[in-house]
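Please read the structure below before turning to the comments.
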């Protein structure tokens, strides 16, 4: 009988009912069926979130529960911690810029927000900016740039980590500008950078392109400033 139930669940694409039906307490038929279907839905959502996390290609498994909030993070007037964690900025297609010294928790926070977004059903992609530029230049050289752009058609949130750590070639900067122009008011960007906007011309070859890119990035953006010493340096010193 168990095999028959499993086969029927498979034909109905009920991934979890066959494993759950004996574990649900029975009070009455309506309650039992509601609880069984609710468990199926919840487990499907968990599995979908994990699939989206895998597709996003995060560099680590940082979570909001592990994040050390502190007064080194300066929020803008129109955003607080609860609003940020609610991810409402994604629905409004707004950007979040995390700017400050290396090692102050920007990448951890960006990753943690991205992983939560995946669990909430959003399509997310994570890139270190230097790696993205390399992929853009390769796709252009191989005549696949339009295909690469199309990868983001259904993506809701893009995390660009470490903007400013490595300067770009002129071609790479122009290709990145095209992508960000595509995403303008269509996607939410979360960008981490160790540079203030006035210093972005150090990484982009063209001053006019830099100004146009910054204009698109900061429009509809929440800018968080990170101050203080590097966590990694403090941890190394404490170990000594």
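In the UniProt record's numbering, the protein residues as written are 1 to 240. C-beta: ideal position from N, C-alpha, C; glycine also.
DSSP state of residue i, grouped into three classes?
i           : result
residue 74  : strand
residue 220 : coil
residue 121 : coil
residue 95  : strand
residue 139 : helix
residue 156 : coil
residue 164 : coil
residue 188 : strand
residue 16  : coil
residue 26  : coil
residue 67  : coil
residue 58  : coil
residue 235 : Per-residue confidence for residue 235 stands at a pLDDT of 48, beneath the threshold of 50, marking its modelled position as unreliable; no derived number is given.
Looking only at its own chain, which residues have a Cβ that is under 8 Å from the Cβ of residue i, when we skip the five neighbours before and after it?
i          : result
residue 71 : none
residue 40 : 14, 15, 16, 17, 20
residue 90 : 117, 122, 156, 157, 188
I need the straight-line Cα distance from residue i to residue j, nearest angstrom please.
i           : j           : result
residue 158 : residue 36  : 36 Å
residue 142 : residue 206 : 24 Å
residue 172 : residue 138 : 10 Å
residue 64  : residue 112 : 5 Å
residue 204 : residue 211 : 10 Å
residue 193 : residue 51  : 28 Å
residue 84  : residue 136 : 30 Å
residue 128 : residue 44  : 30 Å
residue 165 : residue 3   : 57 Å
residue 151 : residue 22  : 42 Å
residue 75  : residue 38  : 38 Å
residue 26  : residue 33  : 9 Å
residue 148 : residue 24  : 46 Å
If I'm right that residue i touches residue j with Cβ under 8 Å, what's the distance once you round it to whole angstroms?
i           : j           : result
residue 58  : residue 121 : Not quite, the Cβ-Cβ distance comes to about 17 Å (not below 8 Å), so this is no contact.
residue 73  : residue 224 : 6 Å
residue 226 : residue 104 : 4 Å
Residues in the same chain with beta-carbon distance under 6 Å from residue i, minus the five sequence neighbours each way, listed in chain order, please.
i           : result
residue 191 : 97, 160, 163
residue 5   : 18
residue 167 : 203
residue 124 : 56, 114, 117, 118, 157
residue 232 : For residue 232, the predicted structure reports a pLDDT of 48, less than 50, and the residue's modelled location is therefore unreliable. A value from the coordinates is still provided. Excluding positions up to five away in sequence, the list reads 103.
residue 170 : 205
Which residues in the same chain have their Cβ closer than 7 Å to the Cβ of residue i, if we skip the five residues on either side of it in sequence?
i           : result
residue 66  : none
residue 69  : 81
residue 209 : 173, 174, 177
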